[in-house]
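Undergrad: One structure is given below, represented as C-alpha cells, and several questions about it will come after.
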Amino acid sequence: MTPADDSVAVLARRAELLRSLRDGAQSKPDLVGALSASRSTVDRAVRTLEGDGFVERDGGVSLTLRGRLALDAYEEFAATLDALDAASELLDVLPADARLDGALLRGADVVLSDPVAPQRPYVAYQSVLEDATAVRGFAPAVLDGNVVRFRDRIVEAETPVDLTVAPAALAELVSSHADVVEEALATGRLTLREASTVLDYGLVLAEQPARTVVCALVFDDHGIAGVVRNDEPRAVEWAEGVYEEIRADADLLRG
Numbered sequence: 031m032t033p034a035d036d037s038v039a040v041l042a043r044r045a046e047l048l049r050s051l052r053d054g055a056q057s058k059p060d061l062v063g064a065l066s067a068s069r070s071t072v073d074r075a076v077r078t079l080e081g082d083g084f085v086e087r088d089g090g091v092s093l094t095l096r097g098r099l100a101l102d103a104y105e106e107f108a109a110t111l112d113a114l115d116a117a118s119e120l121l122d123v124l125p126a127d128a129r130l131d132g133a134l135l136r137g138a139d140v141v142l143s144d145p146v147a148p149q150r151p152y153v154a155y156q157s158v159l160e161d162a163t164a165v166r167g168f169a170p171a172v173l174d175g176n177v178v179r180f181r182d183r184i185v186e187a188e189t190p191v192d193l194t195v196a197p198a199a200l201a202e203l204v205s206s207h208a209d210v211v212e213e214a215l216a217t218g219r220l221t222l223r224e225a226s227t228v229l230d231y232g233l234v235l236a237e238q239p240a241r242t243v244v245c246a247l248v249f250d251d252h253g254i255a256g257v258v259r260n261d262e263p264r265a266v267e268w269a270e271g272v273y274e275e276i277r278a279d280a281d282l283l284r285g
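Residue numbering for the sequence shown is 31 to 285, as defined by our numbering.
What follows is the structure, given as C-alpha cells:
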C-alpha cells in the first residue's frame, strides 16, 4: 500500500472521530462519550491520527488543517462511491468512455424505469421542465411526446429554449415534426443547433425561479432507462461547462 492508501484506510476507520472535532477541540472523555467507545479505543485512534498529522493535542484534541482538508476529501470520495452505487444500473447502460463526472451524481435523485412503472423517468424529467423559465440542452434522440411538450413551453409558456441536437436525431425531428419545429422557431424563442460533439445521454439544464436543475437522460434499447436530477451547484457548474462546449462546437440552424 502507498502512504495515500494508508491514509484513506485511517480516514475510513476514524472519520466519525474526526467529524466530532469539526466544531472545535474535544477532551478525551468527551470523545469517549460522543463516540460510545472505550477510553483505550479513543487513545489508540488519537495516537494514530496524530501520527498522520490529522489531529493535534494541546489542552484537548483538535483537527489540524491537514486533518480538516483530508476529512473533506474523504467525505467527497465516500459520497461519490455512494452516488456511483445509487446510479449503477444507469452507469451499466453507458459506455466506459462516456463523458460523466462524480459532480453530476453526488447528491442526485436517480429515477429508474421498471416494468411496472416504465414512465417514471419521463415523468421525473418533465417535472424539471414544468416551472422552467429557460431551458438549455443536448438531445441524442427524439421523444415524440417531448416534442409536443417543448412546443407548449416555447409557444404557450413563452419559455426560451436552446437545443443542440445529435445529427440523426435532428434529421428525425425536422422530418417527422416539421410543423411543430417551424411554429416554435417562428416565435424567436427556440435556438436550434446541429451537434458536432455528442454525448451518450441527454443533458438538460432547466432554469427555475429559485434554482437551476440539471437532468441527464440515459437511454437503452427500450427508451429512457432512467434520469439523474441534481440542483447542487457543482453539478450545475459541471453540466453548464459540458453543454457550452457542445454548443460552441455545433452549427447554428435557426434562432
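Cβ atoms here follow ideal geometry from the backbone N, Cα and C, with glycine treated the same way.
Anyone know if the C-beta pair for V91 and V76 falls short of 8 Å?
TA: Yes.
Undergrad: Given a cut-off of 8 Å on the beta-carbon distance, is the pair Q238 and D161 in contact?
TA: Yes, Cβ-Cβ distance for Q238 and D161 is below 8 Å.
Undergrad: With H, G and I counted as helix, E and B as strand and the rest as coil, what does DSSP make of S68?
TA: It is coil, neither helix nor strand.
Undergrad: Name the residue from A116, A187, A39, A67 whose alpha carbon lies nearest to the alpha carbon of L134.
TA: Comparing Cα positions, the closest option is A116.
Undergrad: Rounded to a whole number of angstroms, what is the C-alpha to C-alpha distance between D281 and V195?
TA: When rounded, the distance between both Cα atoms is 10 Å.
Undergrad: Can you tell me which of D82, T110, V172 puts its alpha carbon nearest to the alpha carbon of A208?
TA: Comparing Cα positions, the closest option is V172.
Undergrad: Leaving out five residues before and five after T110 in sequence, what residues of the same chain have Cβ atoms less than 8 Å from its Cβ?
TA: Result list for T110: G132, L135, R136, in chain order.
Undergrad: Output the residue ranges of the beta strand (DSSP E) runs that lie fully inside the stretch 128 to 199 and measure 3 residues or longer, sorted by chain position.
TA: Listed in chain order, the complete beta strand (DSSP E) runs (minimum 3 residues) inside the stretch 128 to 199 are 139 to 142, 164 to 169, 191 to 195.
Undergrad: How many Å lie between L220 and A154 at the Cα?
TA: Distance between the alpha carbons of L220 and A154 is about 23 Å.
Undergrad: Going by DSSP, what residue range makes up the alpha helix (DSSP H) through V118?
TA: Note that residue 118 is Ser in the sequence shown, not Val. Looking at the DSSP string, the run of the alpha helix (DSSP H) that includes S118 is 118 to 121.
Undergrad: Quick check: the Cα distance between A42 and I254, rounded to an integer number of angstroms?
TA: If I take the Cα positions, the gap works out to 36 Å.
Undergrad: Suppose contacts are defined by Cβ-Cβ distances below 8 Å. Is R74 in contact with E80 by that definition?
TA: Not closer than 8 Å, so no.
Undergrad: Quick one, are the C-beta atoms of R223 and R179 less than 8 Å apart?
TA: Cβ distance not < 8 Å, so R223 and R179 don't count as in contact.
Undergrad: In whole angstroms, what separates the C-alpha of R54 from that of A45?
TA: A small fix is needed here, since residue 54 is Gly in this sequence, not Arg. Roughly 15 Å separates the two Cα atoms.
Undergrad: Return the CA-CA distance between P148 and F84, expressed in angstroms with no decimal places.
TA: For P148 and F84, the distance between alpha carbons rounds to 48 Å.
Undergrad: Whole angstroms are fine: how far does the CA of T163 sit from the CA of T189?
TA: In a straight line, the C-alpha of T189 is about 6 Å away from that of T163.
Undergrad: Using the beta-carbon count (16 or more within 10 Å), is P151 buried or exposed?
TA: Buried, because 16 or more other Cβ atoms sit within 10 Å of the Cβ of P151.
Undergrad: Hey, how far is the Cα of A236 from the Cα of E119?
TA: Going from the Cα of A236 to the Cα of E119 covers about 24 Å.
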